[in-house]
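The block underneath contains the structure these notes are about, expressed in structure tokens.
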Amino acid sequence: MKLTDILLEEHIIPDLQARGKQAVMMELCQALTRQRPDLSPERLMEVLQERERLGSTGIGDGIAIPHGKLPNLDDLQLAFGRSLAGVDFDSLDGKPAHLFFLVVAPENSAGVHLKALARISRLLKSHVVRRDLLQAKDAREIFGIIQAQDEEF
Numbered sequence: 058m059k060l061t062d063i064l065l066e067e068h069i070i071p072d073l074q075a076r077g078k079q080a081v082m083m084e085l086c087q088a089l090t091r092q093r094p095d096l097s098p099e100r101l102m103e104v105l106q107e108r109e110r111l112g113s114t115g116i117g118d119g120i121a122i123p124h125g126k127l128p129n130l131d132d133l134q135l136a137f138g139r140s141l142a143g144v145d146f147d148s149l150d151g152k153p154a155h156l157f158f159l160v161v162a163p164e165n166s167a168g169v170h171l172k173a174l175a176r177i178s179r180l181l182k183s184h185v186v187r188r189d190l191l192q193a194k195d196a197r198e199i200f201g202i203i204q205a206q207d208e209e210f
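To convert a position in the sequence shown, counted from 1, into the numbering used here, add 57.
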């Protein structure tokens, strides 16, 4: 599975307007649901908030990967957002998050869900990739960086 098989360029927000954790998640939910009228941003938020109560998905190094599972969802959904200013996401290292991947999986899809999270983690482990994503000029360039990295794995 490649990230670009599930990430659409239309689901990339190169300049998140949100300044808080909840607002970032809602902005990503709205980006994801624009082309999926069968999905409700409010329902997605409920699922993400449930997961956040277990512990922050702000993993450090400027990265957050809010994720959750939805019943009656047929396939994995992915969105990406970038905040140049940074957002307090209760990250493990206490630093603001700048790069966000939102992952929503079908309720009974542990394998696919975990593969996507692992792939995102591997992608963002590289300081060079994180830097390139922060310096990209638009959604198309961000998609291209992710696509190029997808080819290497």
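No residue lacks a Cβ here, since even glycine has one placed at the ideal position from N, Cα and C. Quantities reported herein were computed from a predicted structural model and do not represent experimental measurements.
Here residue 124 is buried, its C-beta having at least 16 other C-beta atoms within 10 Å. In the displayed model, residue 202 falls within a helix according to three-state DSSP.
Where residue 191 is concerned, there is no enclosing beta strand (DSSP E), although the alpha helix (DSSP H) around it starts and stops at 184-192. Per DSSP, reduced to three states, the secondary structure at residue 67 is strand.
Distances from the CA of residue 203 to each of 137, 86, 172 were compared; the closest alpha carbon is that of 137. Every beta strand (DSSP E) stretch that sits fully inside the region 110-189 and reaches 3 residues is listed by chain position as 115-117, 124-127, 134-144, 154-163.
Taking C-beta atoms as the reference points, residue 140 and residue 73 count as a pair closer than 8 angstroms. With contacts defined by Cβ atoms closer than 8 angstroms, residue 78 and residue 117 do not form a contacting pair. If you check the CB distance, residue 89 and residue 180 do not come in under 8 angstroms.
Looking only at 168, 156, 91, the smallest Cα-Cα distance to residue 193 is reached by 156. Around residue 199, the same chain offers 69, 71, 137, 139, 190, 193 as residues with beta carbons nearer than 8 angstroms, after the five sequence neighbours per side are excluded. If you look at residue 80, you'll find it in the alpha helix (DSSP H) that goes 78-90.
A check of alpha carbon separations from residue 105 across 159, 93, 171 identifies 159 as the nearest.
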